[in-house]
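Residue numbers (the working numbering), protein chains in the order written: chain A, 1 to 112; chain B, 1001 to 1112. Heads up, the beta-carbon is just placed ideally off N, CA and C, and yes, glycines get one too. No experiment lies behind these values; they were computed from the predicted model shown.
There are 2 protein chains.
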Amino acid sequence: MKKIKIKCWVEDEGEKFYGPGPNELLKRIQKEGSLSRAATKMGMSYKKAWELVQRLNQHADVPLVILKKGGQHGGGAEITPQGLEIIREFESFQRKIDQLVDQQTDLMKLLK
Amino acid sequence: MKKIKIKCWVEDEGEKFYGPGPNELLKRIQKEGSLSRAATKMGMSYKKAWELVQRLNQHADVPLVILKKGGQHGGGAEITPQGLEIIREFESFQRKIDQLVDQQTDLMKLLK
DNA sequence: TTGCGATATATACGTATATACATAACGCTT
DNA sequence: AAGCGTTATGTATATACGTATATATCGCAA
Chain A
1 MKKIKIKCWV
11 EDEGEKFYGP
21 GPNELLKRIQ
31 KEGSLSRAAT
41 KMGMSYKKAW
51 ELVQRLNQHA
61 DVPLVILKKG
71 GQHGGGAEIT
81 PQGLEIIREF
91 ESFQRKIDQL
101 VDQQTDLMKL
111 LK
Chain B
1001 MKKIKIKCWV
1011 EDEGEKFYGP
1021 GPNELLKRIQ
1031 KEGSLSRAAT
1041 KMGMSYKKAW
1051 ELVQRLNQHA
1061 DVPLVILKKG
1071 GQHGGGAEIT
1081 PQGLEIIREF
1091 ESFQRKIDQL
1101 VDQQTDLMKL
1111 LK
């Protein structure tokens, strides 16, 4: 079945640093409390996940994710309140876009 | 400067066949009257452009591009009325999306 | 029938991206 | 001091992608 797809992200000087991937990663970090487990569960390599977190924190006034190493459980990861807010805003934007996509019946009629 | 970017396309069973690239190609074909010139001018290889046209025509009830080979000028390419309509509809959709993007000030405030 | 300019098509190559792997560093607990 | 699980980081490998290159095909004109 044919369908319109749309993808949005935030970039700075051509460097993407927030989009569907980072957004899902943040949500999984919140649930798992661990960057490695979050990455593994969404099929992303740990290295890539770690790099995403670096870029994310670099582009926010306040860190969105706090990574801790060592300690009782070996370390861990947690999302800051600002991180949670980004997730909410991004998904709210996504829903608005989805509504707009659903209205594009004229374009779809021209294709099979 | 940071900015929200958005990209939309139409796909069928995961195969993308219309988006910003094909849209620009169609416009250039109309201007140039030739697929090879259109591709060259937008920095796209002829092969890729030719494949795009095949996919495009395959996913419309009526061909969007007509390719002619041989003849006085060696051949050429032209856009059908349906092709022109697709361009109009796609760009109208793009403008609506751009408006929505401009309204997302809350998301941008969280990032630097 | 030869030449021209465009479309049509296959193959080889180079590059960029991501993954896999290996290893180090860390800090609490026992 | 040893062990544990996690974060931190470099390197090598694989793979997908686009591009470059080469060649064939077509139909009108001279």
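What does residue i pair with, by DSSP beta-bridge criteria?
{"i": "B:K1041", "result": "Paired residues: none, contrary to the question."}
{"i": "A:Y18", "result": "A:V10"}
{"i": "A:A77", "result": "A:L67"}
{"i": "B:I959", "result": "Outside the modelled stretch of chain B, which goes from 1001 to 1112, sits residue 959 of chain B, for which no answer is possible."}
{"i": "B:K1005", "result": "A:W9"}
Looking at chain A, is there any beta carbon in it that lies within less than 8 Å of the beta carbon of residue i?
{"i": "B:W1009", "result": "yes"}
{"i": "B:A1060", "result": "yes"}
{"i": "B:K1112", "result": "yes"}
{"i": "B:Q1082", "result": "yes"}
If we cut at 8 Å on Cβ distances, does residue i have a partner in chain B?
{"i": "A:I4", "result": "yes"}
{"i": "A:D12", "result": "yes"}
{"i": "A:L52", "result": "no"}
Of all the options the options, which has the alpha carbon lying nearest to the alpha carbon of residue i?
{"i": "A:L25", "options": "A:E13, A:I4, A:L52, A:E11", "result": "A:L52"}
{"i": "A:T80", "options": "A:K2, A:K27, A:M42, A:Q72", "result": "A:K27"}
{"i": "A:D61", "options": "B:I1004, B:E1011, B:M1108", "result": "B:M1108"}
{"i": "B:P1063", "options": "B:Y1046, B:A1077, B:Q1072", "result": "B:A1077"}
{"i": "A:K5", "options": "B:G1021, B:K1002, B:D1012", "result": "B:D1012"}
{"i": "B:G1021", "options": "B:F1093, B:H1073, B:W1009", "result": "B:W1009"}
{"i": "B:G1075", "options": "B:Y1046, B:S1045, B:G1033", "result": "B:G1033"}
{"i": "A:K112", "options": "B:E1091, B:L1067, B:M1042, B:Q1082", "result": "B:Q1082"}
{"i": "A:L7", "options": "A:H59, A:R95, A:Q104", "result": "First, the amino acid is wrong: residue 7 of chain A is Lys here, not Leu. Ranking the options by Cα distance to A:K7, first place goes to A:R95."}
{"i": "B:E1015", "options": "A:K3, A:G19, A:N23, A:G14", "result": "A:K3"}
What is the DSSP secondary structure of residue i, reduced to helix, strand or coil?
{"i": "B:K1112", "result": "coil"}
{"i": "A:D61", "result": "coil"}
{"i": "B:Q1099", "result": "helix"}
Problem set entry | Positions along the region 1062-1079 of chain B whose CB lies within less than 7 Å of some CB in chain A | The region 1062-1079 of chain B vs chain A, Cβ under 7 Å: nothing.
Problem set entry | Members of the region 86-109 of chain A near chain B, C-beta cut-off 7 Å | Correct list: I86, E89, F90, F93, K96, I97, L100, Q104, D106, L107.
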